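Written out below as structure tokens is the structure these notes cover.
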Amino acid sequence: MNERSENTTHFGFQTVPEAEKAGRVHGVFTSVASKYDVMNDAMSLGIHRIWKDAMMDWLAPRPDMRLLDVAGGTGDVAFRFLDRKGGSAVICDMTAAMLEEGRRRAEAADLAERLDWVCGDAMALPFPDSSFDAYTISFGIRNVTRIPDALKEAYRVLRPGGRFLCLEFSQIPVSGLQWLYDRYSFNAIPAMGKAITGDRDSYQYLVESIRRFPDQESFAAMIREAGFEQVRYRNLSMGIAALHSGWKL
Amino acid sequence: MTDTPDTPGTDTDAPRPPGFDRRMLEALVCPVTRGPLAWDAEAQELISKAAGYAFPVRQGIPIMLLDEARQLED
Numbered sequence: 392m393n394e395r396s397e398n399t400t401h402f403g404f405q406t407v408p409e410a411e412k413a414g415r416v417h418g419v420f421t422s423v424a425s426k427y428d429v430m431n432d433a434m435s436l437g438i439h440r441i442w443k444d445a446m447m448d449w450l451a452p453r454p455d456m457r458l459l460d461v462a463g464g465t466g467d468v469a470f471r472f473l474d475r476k477g478g479s480a481v482i483c484d485m486t487a488a489m490l491e492e493g494r495r496r497a498e499a500a501d502l503a504e505r506l507d508w509v510c511g512d513a514m515a516l517p518f519p520d521s522s523f524d525a526y527t528i529s530f531g532i533r534n535v536t537r538i539p540d541a542l543k544e545a546y547r548v549l550r551p552g553g554r555f556l557c558l559e560f561s562q563i564p565v566s567g568l569q570w571l572y573d574r575y576s577f578n579a580i581p582a583m584g585k586a587i588t589g590d591r592d593s594y595q596y597l598v599e600s601i602r603r604f605p606d607q608e609s610f611a612a613m614i615r616e617a618g619f620e621q622v623r624y625r626n627l628s629m630g631i632a633a634l635h636s637g638w639k640l
Numbered sequence: 013m014t015d016t017p018d019t020p021g022t023d024t025d026a027p028r029p030p031g032f033d034r035r036m037l038e039a040l041v042c043p044v045t046r047g048p049l050a051w052d053a054e055a056q057e058l059i060s061k062a063a064g065y066a067f068p069v070r071q072g073i074p075i076m077l078l079d080e081a082r083q084l085e086d
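Sequences listed follow chains A and B, in order.
Under the working numbering, think of the first position of the first sequence as 392, with each following residue one higher.
Under the working numbering, think of the first position of the second sequence as 13, with each following residue one higher.
Spelled out as structure tokens, the structure:
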């Protein structure tokens, strides 16, 4: 992988060397860790909660299910999974500060026994092959330097019969609405970010990275390319976000 | 961008920071070789002999990032 270090990738609308992206993304999340959930609520007007519930509806957790939630941050997806009678979960994130915050909440809620917290990279997961029944990633894959590598790793750590689910911002298929949404996101969100976290640049990055992310069909094709079958997606809130699903068969 | 400090002074009535859960050892592999890891309790590190890296465990959380790993002397 080292030979590729001179390659470039996107950091929002900027083009940066691949080797720099992870550090920059890490900077964004370290900078916003403590207010991350507040900001998600403000930015999406609380709708991210409904989207994450939609992801759990589609996953249908069972008590014998072991989940890996990548880019799981403070664990809000994993907590939902346990609420829905899921078995146990590992939360994996690049930013240790987010995991520590999540673990404090797990201890407070007496759920620590069923959750494990691991700092790791989606492109080089520290887990054995075929070790999870489900893999989820919500609002995380956009920040990965090489998305195909992360998808391959997801495939590797899932058991045969395992389920991949990805929740991510997407593109609105109606161009007039996309125009309106762009006005909202490019104007309101960085300003809101500055007001709540004091950090405008991080939220400017978030908005730009959303616009850069492939549309529903292109992303579905990438998931198939990684080996997943029966790949489908559902638009959420008209395509502001999309939920992609695939199976390792 | 510094590492989170060990929350100095705020932990007096909270439980001690959790140690590394040994059960996790079986659930983790080296992110480079995908081979097994050994636990060094004294150094609080997960050792990947094959890759030549030691991964730190901070506040009970294994940090399985190559950027944060210590290269082992041979």
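Cβ coordinates follow ideal geometry from the N, Cα and C atoms, glycine included.
Quick caveat: nothing in here was measured; it's all calculated off a predicted structure.
Is there a Cβ of chain A sitting closer than 7 Å to that of residue i, yes or no?
i	result
valine 69 of chain B	no
leucine 37 of chain B	no
leucine 40 of chain B	yes
aspartate 25 of chain B	Here the model assigns aspartate 25 of chain B a pLDDT of 45, short of 50, so the residue's position is not dependable and the matter cannot be decided.
isoleucine 59 of chain B	no
Pull up the distance between the alpha-carbon of residue i and that of residue j, whole angstroms please.
i	j	result
tyrosine 572 of chain A	glutamine 562 of chain A	10 Å
threonine 400 of chain A	glycine 630 of chain A	25 Å
alanine 413 of chain A	valine 535 of chain A	7 Å
lysine 443 of chain A	glycine 437 of chain A	11 Å
serine 636 of chain A	glutamate 85 of chain B	44 Å
arginine 35 of chain B	glycine 64 of chain B	23 Å
phenylalanine 604 of chain A	glutamate 54 of chain B	44 Å
serine 60 of chain B	phenylalanine 67 of chain B	8 Å
glycine 553 of chain A	leucine 640 of chain A	7 Å
glutamine 71 of chain B	alanine 611 of chain A	38 Å
aspartate 432 of chain A	proline 581 of chain A	14 Å
alanine 50 of chain B	valine 565 of chain A	54 Å
tyrosine 526 of chain A	alanine 545 of chain A	7 Å
glycine 589 of chain A	methionine 583 of chain A	9 Å
glutamine 56 of chain B	aspartate 79 of chain B	17 Å
aspartate 663 of chain A	arginine 550 of chain A	Not covered by the structure: residue 663 of chain A. The range shown for chain A is 392 to 640.
lysine 362 of chain A	glycine 464 of chain A	Since the first residue of chain A shown is 392 and the last is 640, residue 362 of chain A is not available in this structure.
Report yes or no: is there a C-beta of chain B within less than 7 Å of the C-beta of residue i?
i	result
leucine 502 of chain A	no
leucine 506 of chain A	no
glycine 511 of chain A	yes
alanine 519 of chain A	The displayed chain sequence assigns proline, not alanine, to residue 519 of chain A. For proline 519 of chain A, the answer is yes, since a Cβ of chain B falls inside 7 Å of its Cβ.
Mind listing the chain B neighbours of residue i? Cutoff is C-beta to C-beta under 8 Å, in chain order.
i	result
leucine 516 of chain A	Pro43
Below 8 Å on the Cβ atoms is my guess for residue i versus residue j; work out the distance and round it to an integer in Å.
i	j	result
methionine 514 of chain A	arginine 537 of chain A	6 Å
phenylalanine 555 of chain A	isoleucine 614 of chain A	7 Å
valine 622 of chain A	isoleucine 528 of chain A	Valine 622 of chain A to isoleucine 528 of chain A, Cβ: 15 Å. No contact.
leucine 40 of chain B	methionine 485 of chain A	The Cβ separation is near 16 Å, so there is no contact.
phenylalanine 523 of chain A	arginine 471 of chain A	Their Cβ separation, rounded to whole angstroms, is 17 Å, which puts phenylalanine 523 of chain A and arginine 471 of chain A out of contact at 8 Å.
For residue i, return the contacting residues in chain D, with the cut-off set at a CB-CB distance below 9 Å.
i	result
alanine 50 of chain B	Of the chains in the structure shown, none is chain D; the protein chains are A and B.
Would DSSP call residue i helix, strand or coil?
i	result
asparagine 398 of chain A	coil
valine 429 of chain A	helix
glutamine 569 of chain A	helix
isoleucine 435 of chain A	At residue 435 of chain A the sequence reads serine, which differs from the isoleucine that was named. Of the three classes helix, strand and coil, the one that applies to serine 435 of chain A here is coil, per DSSP.
phenylalanine 560 of chain A	strand
leucine 516 of chain A	coil
threonine 527 of chain A	strand
phenylalanine 470 of chain A	helix
arginine 494 of chain A	helix
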